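If you read the protein sequences in the order shown, they are chains A and B.
Going letter by letter, the first sequence gives residues 0 to 383 in numbering that gives the first Met the number 0.
Going letter by letter, the second sequence gives residues 0 to 383 in numbering that gives the first Met the number 0.
Number of protein chains: 2
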Amino acid sequence: MAKKITTKTAVVATPNAERIKKRDSATQQKILTLAMEIAKRSLAGNEPIVRIPMRTKSNTIWNKKRGILEMGDAAAERPLFDLKTAKQFMQTMLHAGTIKDLINAQKTSSLRGVFYKAKHTVAGTKENTFDTQDESDPILEDLEVALGALREELHVFAENRGSMVGNITVVDRGDEIDCRRMGSGGYALPSIVEPDIIQFKKCEAKFVLHVEKGTVWNRFNEDRFWETHNCILTHGAGQPPRGCRRLLQRLNSELNLPIICVLDNDPWGHYIYSVIKQGSISLAFESSRLAIPSAKFLGIRAKDFRECGLDDAVKIDLTDNDIKRANEIAAYPWFEHHKGWQREIDGMLRNGFKMEVESLITKDISYVTDTYVPQRLKAKDWLE
Amino acid sequence: MAKKITTKTAVVATPNAERIKKRDSATQQKILTLAMEIAKRSLAGNEPIVRIPMRTKSNTIWNKKRGILEMGDAAAERPLFDLKTAKQFMQTMLHAGTIKDLINAQKTSSLRGVFYKAKHTVAGTKENTFDTQDESDPILEDLEVALGALREELHVFAENRGSMVGNITVVDRGDEIDCRRMGSGGYALPSIVEPDIIQFKKCEAKFVLHVEKGTVWNRFNEDRFWETHNCILTHGAGQPPRGCRRLLQRLNSELNLPIICVLDNDPWGHYIYSVIKQGSISLAFESSRLAIPSAKFLGIRAKDFRECGLDDAVKIDLTDNDIKRANEIAAYPWFEHHKGWQREIDGMLRNGFKMEVESLITKDISYVTDTYVPQRLKAKDWLE
């Protein structure tokens with residue numbers, strides 16, 4: 000164990016530790032500034048107020064040139080002396096305090112942990128500071144935008160989800176992880192993947208193939224697709240969590256790797272792609288760090304039923320809700336004038352059914368890895 | 000890449016490949032025997048019948064001596080010439096065929112993949128072989144018990160869930176994975192962890208600490224608990240999937256490592272423990288491979304609210320359903336005469352509230368790793 004500790008000490012001594020220190024003291028400074036402003040106003044006899052940029056649809060702007068969603072300038076004031084906002088004001092201060100403690104202790108916490116840390120019964124009352132986590136998570140997002148610091152910079156993590164294999168070596172908290180040698184399981188993606196935690200080392204891969212589900216990822220990994228096609232293989236267990244999206248964005252922006260998505264032919268698959276590509280309304284303030292405007296949608300495509308000669312049994316009827324969602328997605332500003340996507344969504348609606356990636360198994364166990372994806376890659380047959 | 004291929008070839012040439020071959024041909028033989036019996040009966044002018052052992056509560060036996068749930072001898076006949084069972088007979092044959100193909104191709108498939116593989120419209124009718132996966136999964140379980148072959152031996156996998164770090168090196172499909180060097184993400188647990196896929200190599204760890212959720216696992220990993228306490232750290236993202244349970248069982252039975260669980264103080268946590276320890280009714284035929292009768296429940300305990308001096312805010316009221324579930328669990332034969340567990344469940348009911356592992360953060364960010372678990376480990380204060 001002595002050796003282990005030495006290794007760790009060595010890691011702490013790298014310039015990376017300096018980077019963490021710098022980032023953390025910048026975040027601490029932001030929290031301090033927030034606190035000082037409130038203290039100053041109070042001492043001057045004025046009402047304490049926090050100003051929170053608005054994370055609403057109306058304050059979300061589609062930046063056509065950059066190809067991402069951005070947050071507008073609108074902000075809401077959260078005064079202390081207002082019955083409507085007093086509780087939220089207090090909650091904002093509590094979470095800011097927890098974050099300060101986390102950074103001081105050089106620890107991270109889960110969203111649920113932060114909730115518990117702040118949850119208590121206000122002395123002399125029967126009122127809780129927080130009742131459920133549903134109240135707590137948005138307050139943390141408020142703090143992210145108010146401070147201009149990302150959740151990761153606030154030392155808060157979400158669920159870990161997704162895994163990775165392929166022709167790349169990453170360094171994670173000082174440990175070198177060779178993703179070419181990760182067996183059938185793979186490297187489990189952490190929730191915080193900022194450059195001070197995860198660094199990219201040796202990478203021969205020419206692109207990233209991102210698939211929707213772990214079960215599909217298993218098929219590609221078992222067939223060693225990443226080896227035969229020199230790529231990195233990731234999945235996000237459905238809608239990829241922030242950690243997974245951020246990692247894809249870093250692979251794209253820092254290593255210039257195209258991100259190619261294989262998702263289901265249904266509104267949910269289209270929505271996952273839309274979020275990977277342009278960002279989402281609720282996290283629009285994060286888009287420049289999360290969105291990948293050049294991400295490609297390789298399939299499953301509406302045309303595939305005919306083009307691949309699939310059996311009727313792969314069809315899953317569209318529900319009324321699917322049709323509603325499809326029309327909403329077609330009306331997104333970034334899809335609205337995109338002929339390819341209008342055709343794609345229209346094709347699905349005219350089909351009257353949706354299809355999953357797994358349905359390709361009806362052709363052959365490895366049709367998806369041996370034929371479908373290689374053909375589409377070669378022909379550059381994708382939507383973007 | 001040439002080097003990679005050489006490495007892989009080397010792996011294929013190990014005795015392990017022999018083991019896989021042997022296992023697979025045994026499974027093939029079982030499928031063939033099933034098919035031959037049906038063919039023989041048919042050719043002799045008798046009705047084809049499949050005999051399926053019953054996976055019901057009434058056919059589940061609590062083996063007190065072994066401390067696990069077992070399947071009894073009852074079986075149901077599934078004749079072809081019966082409107083009630085004809086469809087299931089056909090479905091059973093279809094899945095047996097798919098499994099034969101999978102083994103021949105030396106590939107594995109997901110539960111969903113197997114469903115799709117068999118799903119088609121019966122020629123000349125409007126009848127589908129399968130409509131939903133809900134019909135398909137139980138047929139696969141039927142085949143497991145009918146053939147006496149585990150799902151993994153049938154080359155079928157489920158979702159990957161959970162991760163691992165700690166003082167152990169595993170070999171996964173020939174790749175050596177040092178779980179001491181897996182950063183913040185960890186090694187993602189695969190769905191199939193049989194000895195021909197995963198081997199244990201170097202292990203200094205003295206026990207396994209299994210926690211319920213990934214977020215709690217992060218706290219322990221960040222505090223490098225596995226290093227300071229020389230253990231292995233796992234989580235199963237809630238109710239651990241078969242792959243995770245099987246891995247824990249192998250670590251226990253092959254390496255003699257105690258399995259110590261840190262779960263929530265609620266009926267769900269108690270149930271997770273019960274399944275890890277004794278197995279479940281629906282998978283009773285698998286218990287000797289999955290159950291860990293010596294597994295320990297370290298916490299969270301009903302007494303902890305007072306013993307740890309927790310704040311009222313950590314209390315989550317028990318719902319009517321929680322109370323119902325708690326009483327059901329207390330009546331399980333393996334808890335029914337267990338004084339410790341009767342006291343434990345009774346304590347929770349008398350508290351009137353449940354508590355999550357995360358609630359310990361109200362004491363201190365690392366109270367759970369620095370104080371709570373170490374104290375309980377030292378005092379051997381657990382239920383088993």
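By construction, the Cβ of each residue, glycine as well, lies at the ideal position given by its N, Cα and C atoms.
What you are looking at is a predicted structure, and each value in this text was computed from that prediction instead of being measured.
Where residue i meets chain B, residues with beta-carbon distance less than 7 Å
i, result
"G185 (chain A)", "A187"
"S358 (chain A)", "Y115"
Range of the contiguous alpha helix (DSSP H) that encloses residue i
i, result
"F80 (chain B)", "From DSSP, F80 (chain B) is part of no alpha helix (DSSP H); its letter is neither H nor E."
"G129 (chain A)", "With the sequence shown as reference, residue 129 (chain A) is identified as Phe, and Gly is not the correct amino acid for it. F129 (chain A) -> no alpha helix (DSSP H), and no H or E assigned at all."
"F114 (chain B)", "L110 to A117"
"E343 (chain B)", "K338 to N350"
"I275 (chain B)", "P266 to Q277"
"I197 (chain B)", "Note, I197 (chain B): premise wrong, no alpha helix (DSSP H); beta strand (DSSP E) at I197 to C202."
"I322 (chain A)", "D319 to A329"
Residue i versus residue j: straight-line alpha-carbon distance, rounded
i, j, result
"R324 (chain B)", "P266 (chain B)", "6 Å"
"D263 (chain A)", "D310 (chain A)", "17 Å"
"F304 (chain B)", "A312 (chain B)", "11 Å"
"M53 (chain A)", "L110 (chain B)", "44 Å"
"I196 (chain A)", "P189 (chain A)", "10 Å"
"R375 (chain A)", "R342 (chain A)", "18 Å"
"R18 (chain B)", "M347 (chain A)", "47 Å"
"K63 (chain A)", "I291 (chain A)", "13 Å"
"R22 (chain B)", "E152 (chain B)", "7 Å"
"A145 (chain A)", "V356 (chain A)", "41 Å"
"E158 (chain B)", "N229 (chain B)", "29 Å"
"E140 (chain A)", "F206 (chain B)", "39 Å"
"G185 (chain B)", "A25 (chain B)", "35 Å"
"M92 (chain B)", "D319 (chain A)", "35 Å"
"Q28 (chain B)", "P47 (chain B)", "19 Å"
"G339 (chain A)", "L382 (chain A)", "7 Å"
"T370 (chain B)", "Q90 (chain B)", "54 Å"
"G71 (chain A)", "L149 (chain A)", "17 Å"
"R180 (chain B)", "R223 (chain B)", "11 Å"
"F88 (chain B)", "A75 (chain B)", "12 Å"
"A12 (chain A)", "V372 (chain A)", "Because A12 (chain A) sits at a pLDDT of 40, beneath the cut-off of 50, its placement in the model cannot be relied upon, and the following sentence gives the value as read from the coordinates. For A12 (chain A) and V372 (chain A), the distance between alpha carbons rounds to 44 Å."
"K377 (chain B)", "L297 (chain B)", "11 Å"
"T8 (chain B)", "G182 (chain A)", "The pLDDT assigned to T8 (chain B) is 35, lower than 50, so where the model puts this residue is not dependable; a value taken from the coordinates is nonetheless given after this. Answer to the nearest angstrom: the Cα atoms are 15 Å apart."
"E387 (chain B)", "S279 (chain B)", "Outside the shown range of chain B, which is 0 to 383, sits residue 387 (chain B), and nothing can be said about it."
"L250 (chain A)", "I67 (chain A)", "17 Å"
"T6 (chain B)", "C178 (chain A)", "Note that T6 (chain B) scores a pLDDT of 35, beneath 50, so its modelled location is shaky; the value from the coordinates is reported in the next line. Taking the straight line from one Cα to the other gives about 15 Å."
Listed by chain order, chain A residues near residue i by CB distance under 9 Å
i, result
"G213 (chain B)", "S109, E158, N159, R160, A187 and S190"
"D310 (chain B)", "K118, H119 and T120"
"I196 (chain B)", "G182 and S183"
"V144 (chain B)", "Those do not exist, as V144 (chain B) stays about 23 Å from chain A at its closest Cβ, beyond 9 Å."
"N350 (chain B)", "Those within 9 Å of N350 (chain B) in chain A number zero; the least Cβ separation is about 17 Å."
Cβ separation of residue i and residue j, assumed to be a contact under 8 Å, to the nearest whole Å
i, j, result
"A283 (chain A)", "E143 (chain A)", "Wrong, their Cβ atoms sit about 12 Å apart, outside the cutoff."
"D321 (chain A)", "G351 (chain A)", "Between G351 (chain A) and D321 (chain A) the Cβ distance is about 10 Å, and since that is not below 8 Å, they are no contact."
"S162 (chain A)", "W216 (chain A)", "7 Å"
"F295 (chain A)", "C260 (chain A)", "According to the sequence as given, residue 295 (chain A) is Lys; it is not Phe. Confirmed, Cβ separation roughly 7 Å."
"I231 (chain B)", "I167 (chain B)", "5 Å"
"I275 (chain B)", "P332 (chain B)", "Incorrect: roughly 17 Å between the Cβ atoms, too far for contact."
Partner residues on chain A for residue i, Cβ-Cβ distance less than 8 Å
i, result
"H228 (chain B)", "Result: empty, since nearest Cβ-Cβ is about 11 Å, beyond 8 Å."
"E69 (chain B)", "Per Cβ cutoff of 8 Å: no residues; E69 (chain B) is ~30 Å from chain A at best."
"V313 (chain B)", "Y115 and K118"
Endpoints, the beta strand (DSSP E) within which residue i is located
i, result
"W61 (chain A)", "T59 to N62"
"F296 (chain A)", "K295 to G298"
"L232 (chain A)", "C230 to H234"
"V49 (chain B)", "I48 to P52"
"G165 (chain A)", "S162 to G165"
"E152 (chain A)", "Unbroken run through E152 (chain A): none, as it is neither H nor E."
"F206 (chain A)", "F206 to V210"
"D174 (chain B)", "D174 to D177"
Chain-ordered neighbours of residue i on chain B, where CB pairs are closer than 8 Å
i, result
"T361 (chain A)", "Y115, K116, K118 and H119"
Beta-carbon neighbours of residue i, restricted to chain A and to distances below 7 Å
i, result
"E221 (chain B)", "K106 and T107"
Interface flag, residue i vs chain D, CB-CB below 8 Å
i, result
"R172 (chain A)", "Included in the structure are the protein chains A and B, with no chain D among them."
The ligand FAD heavy atom lying under 7 Å from the CB of residue i
i, result
"K118 (chain A)", "The ligand FAD is not part of the structure shown, which contains no ligands of any sort."
Partners in chain B for residue i, counting only beta-carbon separations shorter than 9 Å
i, result
"L101 (chain A)", "I364"
"G298 (chain A)", "Simply none; closest approach about 16 Å."
Problem set entry | Touching by the beta-carbon criterion (3+ pairs, under 8 Å), the region 355 to 368 of chain B and the region 99 to 118 of chain A | yes
Exercise. How about the region 120 to 134 of chain A and the region 44 to 60 of chain A: do they share at least three Cβ pairs that are nearer than 8 Å?
Worked result: no
Exercise. Counting pairs of beta carbons, one from the region 231 to 246 of chain B and one from the region 126 to 138 of chain A, are three or more of them closer than 8 Å?
Worked result: no
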